[in-house]
Amino acid sequence: ETGVTQSPTHLIKTRGQQVTLRCSSQSGHNTVSWYQQALGQGPQFIFQYYREEENGRGNFPPRFSGLQFPNYSSELNVNALELDDSALYLCASSSPLSGTQYFGPGTRLTVL
Amino acid sequence: QQQVKQSPQSLIVQKGGISIINCAYENTAFDYFPWYQQFPGKGPALLIAIRPDVSEKKEGRFTISFNKSAKQFSLHIMDSQPGDSATYFCAASREGSGNTGKLIFGQGTTLQVKP
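Order-wise, the sequence lines are chains S and E. Just so you know, we're using our numbering here: the first sequence kicks off at 33 and counts up by one. Just so you know, we're using our numbering here: the second sequence kicks off at 145 and counts up by one.
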């Protein structure tokens, strides 16, 4: 088990709604990355936060946004939800020493 | 140039056998190659990782073989056990100053180890 926690575990929303997912990074880790994992696929990089600033973004539209707080926890916000946003959302934390990313258990989002 | 291709998509192995999963990458700037294990309903867990300065790394029953010239790497699971039944993902990233270290994942291999 890593020290990365995510909440909530599961979430059901309807199309057009907005959602906020939360992640607490492992102790000593100041970098948080978010990934989207569709069913049967590998995780896809959404973006990364380092010291409260966005530090790289994957091929996701602007309605995917995030925040990182001074304690290095992070939020992923998705606006105007679409059916294709249904997926497992993973956050991973890493330290500046090794760069190895440790994943949390994920949040399963279902958009109806 | 960002793709990582993984094969096979699924694999069935008898208990005690060797499981082999292969990955190929395109971007020669990648310098970190981890393997993750994922059980249903869980996040990926780091299994073993290698950097291109070595051709092989072994940790217990798990071995990564790395072929830099062919841009390929593979995971070997020796003495496979039913508890190894899971989905395995290879990944690649570019680390170092100025890079995010974002992981590019393969499509995954579902391994079933039969008792």
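We treat Cβ as the ideally placed atom computed from N, Cα and C, and that holds for glycine.
Beta-bridge pairing by DSSP links T52(S) to N109(S). The contact set of F249(E) on chain S, defined by CB atoms closer than 9 Å, consists of Y67, Q69, Q73, G74, P75, Q76, F77 in chain order. Exposure of S199(E) is indicated by the presence of fewer than 16 other C-beta atoms within 10 angstroms of its C-beta. Within 10 angstroms of the beta-carbon of G138(S) lie 16 or more other beta-carbons, which makes it buried. Contact of L155(E) with chain S is not assigned, every C-beta pair being separated by 8 Å or more.
For Q181(E), the enclosing beta strand (DSSP E) begins and ends at 177-182.
By the beta-carbon neighbour count (other beta carbons within 10 angstroms, threshold 16), D197(E) is exposed. The C-beta of A214(E) has fewer than 16 other C-beta atoms within 10 Å across all chains shown, which makes the residue exposed. Close CB contacts of L247(E) within its chain, under the 8 Å cut and outside five residues either way in sequence, are with P178, A235, A236, S237 (chain order). Using beta-carbon distances, A193(E) counts as an interface residue toward chain S, with a partner under 8 Å.
Within the segment 220-240 of chain E, the residues whose Cβ lies closer than 7 Å to any Cβ of chain S are, in chain order, F233, E239. Taking a 10 Å sphere around the C-beta of H61(S), we find 16 or more other C-beta atoms and assign the residue as buried.
Taking the CA atoms as reference points, L99(S) sits about 5 Å from S106(S). Taking 8 Å as the CB threshold, L190(E) lines the interface with chain S. The continuous beta strand (DSSP E) containing E200(E) extends over residues 200-203. From the beta-carbon of P137(S), the residues of chain E found nearer than 9 Å are G185, K186, G187. Checking the DSSP bridge columns, you'll see K159(E) has no partner listed.
With respect to chain S, the C-beta atom of G204(E) has no partner C-beta closer than 8 Å. Note on the segment 74-118 of chain S: whole beta strand (DSSP E) runs with a minimum of 3 residues are 76-82, 85-89, 96-100, 106-110, in chain order. Following the DSSP letters along the chain, one finds S39(S) inside the beta strand (DSSP E) bounded by residues 37-39. Contact between Y67(S) and Q76(S) holds: their C-beta atoms lie close to 6 Å from each other, under 8 Å. Rounded to whole angstroms, the separation of the alpha carbons of T46(S) and T142(S) is 8 Å. Taking the beta carbon of K246(E) as reference, the chain S residues within 8 Å of it are S65, F77, Q80, G88, G90, listed in sequence order.
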